[in-house]
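Visitor: Take our numbering: the last position of the sequence shown gets the number 292, and nothing is skipped along the way. C-beta atoms are modelled at their ideal positions from N, C-alpha and C, and glycine is treated no differently. Could you have a look at this structure, given as structure tokens, before my questions?
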Amino acid sequence: MIPLFFSHRIGRVLRRVAAVLIAGTGLLSSATAEPTKLVMQLDLGVQNAQFAGLSWAQSHGWFTEAGIDLEIRRLPKGYGDLAANVGASDNTIGSIESGLFLSGRAAGAPIIAIGAMFQASPLCLVAKAKHPLNTPHDLVGLRVAVHGDGYEALATALAHAGVDPSKVEVGEADYGDGPLIRDEVDAKQAYYVDEFVRMKVAGHDVNALVYKDWGHLAYSQTMFVSEQTLAQHREAIVTFLQVLDRGWKAAAADPKAAAKLVVAEYEPELDLTYQIESLKLIVDELVWAGGN
């Protein structure tokens with residue numbers, strides 16, 4: 001079995017996918033005449049600690065050694081529909097929230113999930129300490145800002161706790177911490193392994209309501225490809241996942257070194273402490289093949 005990392009909630013499904021993928025294949029030889037060109041399209045505009053395993057493997061030349069010419073692309077503004085764009089490509093691996101993957105597939109995009117990073121979604125709501133978020137009931141009467149991929153998660157948490165959604169003021173969130181810091185909203189969507197950490201490190205007294213604790217049982221950072229990409233580059237995709245797994249194991253073994261690599265080589269404007277603390281939480285959420 002290829003040592004993929006994945007969500008335990010779709011473990012059985014991904015084991016079957018992996019079994020199909022690796023049937024009759026193995027690691028690409030570095031002696032292959034021409035390396036296989038693949039693109040890794042991130043779902044963020046930064047290559048931060050959420051992609052530390054990917055960055056570690058690329059920085060150490062492991063993809064090249066395995067016969068893969070990998071280009072990592074940050075998500076640019078105005079990129080459009082990630083699921084549809086990856087579905088139209090013949091060599092792109094995308095990273096996306098599970099809900100957006102499913103809605104893309106339902107809309108007809110010819111896409112297939114090949115793995116997932118988080119065993120459970122790290123989506124949460126962050127609020128200042130003056131608005132303690134112990135349960136979804138604490139959201140009643142608050143101004144809550146979420147992104148397009150967060151409405152379903154919020155609705156699930158409210159339903160799980162028996163909260164009337166009409167009693168929560170919900171609107172579209174702007175990106176960045178500013179709206180919450182300036183009290184333009186009372187609670188804002190975030191990742192508790194990312195933006196929540198960033199605000200804490202910056203000295204803001206904030207707390208978080210984590211959706212996975214309130215019924216939102218979804219996986220996150222889903223990796224996916226088009227049906228055409230899988231058909232044309234099956235062996236290369238298997239190799240990519242094997243090398244990525246190796247990169248994540250190295251990053252998990254030394255989060256501080258991995259965070260330093262992220263800042264030094266990819267995102268020098270990010271605070272190192274923020275990346276170290278973020279990666280520590282990320283490592284705790286990774287589930288490896290063969291795990292429960």
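Verify whether the separation of the beta carbon atoms of V238 and F51 is less than 9 Å.
Guide: no
Visitor: Within 10 angstroms of its Cβ, does D183 collect 16 or more other Cβ (buried), or is it exposed?
Guide: exposed
Visitor: What does a CB cutoff of less than 6 Å around L139 pick up in its chain, not counting 5 residues either side in sequence?
Guide: V168
Visitor: Where does G94 fall in DSSP's three states?
Guide: strand
Visitor: Any idea what DSSP makes of N48, helix, strand or coil?
Guide: coil
Visitor: Could you give the DSSP three-state label for A202: helix, strand or coil?
Guide: coil
Visitor: So, are the CB atoms of S220 and A116 less than 9 Å apart?
Guide: yes
Visitor: Could you say which of G176, Q228 and L209 lies nearest to T135 if we only look at CA atoms?
Guide: L209
Visitor: Might you give, ordered along the chain, the residues of its own chain that have their beta carbon closer than 6 Å to the beta carbon of L281, omitting 5 neighbours on each side?
Guide: V193
Visitor: Just the C-alpha distance for E267 and I114, rounded to the nearest angstrom, thanks.
Guide: 27 Å
Visitor: For R198, count the other beta carbons within 10 Å of its own beta carbon; 16 or more makes it buried, fewer makes it exposed. Which is it?
Guide: buried
Visitor: Please determine, among I112, N91 and S89, the residue with the shortest C-alpha to C-alpha distance to L100.
Guide: I112
Visitor: On the DSSP letters alone, give me the boundaries of the beta strand (DSSP E) that D69 sits inside.
Guide: I68 to R73
Visitor: Go to K188, then tell me how far its beta strand (DSSP E) extends in each direction, as first and last residue.
Guide: A187 to Y191
Visitor: With DSSP as the reference, label A127 as helix, strand or coil.
Guide: strand
Visitor: Would you report the Cα separation of W214 and E34, rounded to the nearest angstrom?
Guide: 49 Å
Visitor: Which of the three DSSP states is assigned to G162 in this structure?
Guide: coil
Visitor: Using a threshold of 9 Å, state whether the C-beta atoms of K128 and H204 are closer than that.
Guide: Contact annotation: K128 and H204 have beta-carbon atoms nearer than 9 Å.
Visitor: I need the DSSP call for T229, collapsed to helix, strand or coil.
Guide: helix
Visitor: Do Y176 and A57 have their C-beta atoms closer together than 9 Å?
Guide: What sits at residue 176 in the sequence shown is Gly, not Tyr. Not closer than 9 Å, so no.
Visitor: Closest by CA to Q242, which one among K260, A49, A258 and E65?
Guide: The shortest C-alpha separation from Q242 is found at E65.
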